[in-house]
Every structure is written in C-alpha cells, then in structure tokens.
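Protein chains in written order, with my numbering: chain C, 52 to 183; chain H, 409 to 550. Backbone N, C-alpha and C fix where the C-beta goes; we use that ideal spot for every residue, glycine too. Some notes on the structure that comes next.
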C-alpha cells in the first residue's frame, strides 16, 4: 500500500463543549492562507452540505459549525470503522481589520472556504519613492 | 504530588496505573504511517459498502477498481491554487497521491459495484454475487 499524502494531523474530536446526545464534535482540519486582499480559510468538513454550515462572527471570534449528515447504507451493519462521524466546530480569533459584511463562505466537495477581505483602510498602501 | 489514586494504598498498582494513564494522554497514539483515506466498512446479506472521507477531491480524480476480491481506491488530492505572493499561516490538510486496498469477503464483478460521492464522502456499494449467497436446502420427505 503506497501512501504519498502528506498528512500532518488527523481529524480529532474536541473535548469541550460536550453535546447533550453524547455525539462527538470534531475539529475540522484547516488551511489558512493570507493573500493580498485578506485571509482565506479552508476547512475540511466531509459529510456536511452547504445549507448545514453556520458561520458567525461575533466580537472578533469567527465560529464555524457544520452539521453532518450521517452516511448509513440501508440494511447494512458497520463492520469496521476507521473514522468517526460527528458535527464540526472550530473558532478563530481575528484581528479587527476585517470587513464583517464582506465575509464569503462556500462549500465544495466537503471543503468549506471562507474568505475574509481586509477593510480598505487596513490594506497596505504602497508609497512610491520619488527620486529628487 | 496530590494524586487521588495514591491515597488508595490498598491497591499497590493504583499509582502505576494512574501514571500510565497520564502517559497515554500526553502521548497520543498514532499509527507510524498515517493511512489515507480512512475507510468504514459496512456489511450485510446482500452487499458490502465502503465509505471514505475524501473531502476536497474532485470525483473525477478518484479511481476505483475491483479485481476478484480486492477493491483498490486511488487518486490524488490537489493542493489548492493560491495566488502569487500568498503566505501560508496554517497547513493541516494533506495533499498528494493515495492508494488504498480493501479485501472484500467475496469476489465481486464490476457490474455490481456502484460508487457515489456526496459532500466529500465517497460511498461504494458492492453487490454480493448470486453464487456466493447462501442457498437454502430443502429437506425432502422420504
């Protein structure tokens, strides 16, 4: 079995907060890239549809929640399990120079992409140096 | 050190057990070689299903093949395209090529394999061939 995927971390369940049903909450693996316009977050949330994602920004804390749709093939019993299913939750603290009205989120193939543009005044301005 | 287990002097192994438990918690057990993708296998009388979490992978980049009783799942997860001059803050997700083989409890034929992908979760259902199913033998009255 060959495996070239460079996987640094596994998806791990979070210990807090607990759920009332006892179901697990997982911490989605995240890539964060800073671009010229702002910051892009890519969160891995397999089994979560676009309408089941909840992104909120409150007091600089960006909270991302995803409700999973469990895959249970009909008339079959689980014989071997390597991964667990559960909801996803993760929160990030942001600096206050993001424009909350322009935050954009989209889901494709189980990956949530959140783009956070920086406010216009926070973008670095390039000052041209004139030769005298 | 105030250890709740140590107060139970009646059990001489209590302290050692509690230390071992602390040790286990601090050093998370992980496979030496991480397996990707992780699969769940479901079994029933009529079929076997394999589910795998393959988020961020285009269904066109996944190859599934069945030969006798071995199912091979391979593909590639491409790294996201980032504009020039972008800076990575965090990189927790993995990228690259992968191959995974799963041994099925029966030899399957290609036409009985069905794969579907929804929200980054792949589900492969392999039907059990007629000749493999248990046959009911009727007892004849003499």
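- Interface flag for residue 108 of chain C against chain H is unset, since no Cβ pair is found closer than 8 Å.
- No Cβ of chain C is located within less than 8 Å of the beta carbon of residue 538 of chain H.
- Beta-carbon to beta-carbon, residue 165 of chain C and residue 156 of chain C are separated by about 5 Å, close enough to satisfy the 8 Å threshold.
- For residue 472 of chain H, the enclosing beta strand (DSSP E) covers residues 470-475.
- A straight line joining the alpha-carbon of residue 103 of chain C with that of residue 121 of chain C spans about 12 Å.
- In terms of Cβ geometry, residue 95 of chain C and residue 463 of chain H form a close pair [threshold 8 Å].
- Using a CB distance cut-off of 8 Å, residue 124 of chain C counts as an interface residue toward chain H.
- Note that the C-beta distance between residue 449 of chain H and residue 456 of chain H is below 8 Å.
- Using a CB distance below 7 Å, the part of the segment 131-148 of chain C facing chain H consists of 131, 132, 133 and 134, ordered along the chain.
- If you draw a 10 Å sphere on the C-beta of residue 132 of chain C, you find fewer than 16 other C-beta atoms in it, and that means exposed.
- Segment contact: the segment 134-153 of chain C against the segment 463-483 of chain H, fewer than three CB-CB distances shorter than 8 Å; contact not assigned.
- Neighbours of residue 74 of chain C across chain H, judged by C-beta separation under 9 Å, do not exist; the nearest C-beta is about 16 Å away.
- Per DSSP, reduced to three states, the secondary structure at residue 120 of chain C is coil, with no helix or strand assignment.
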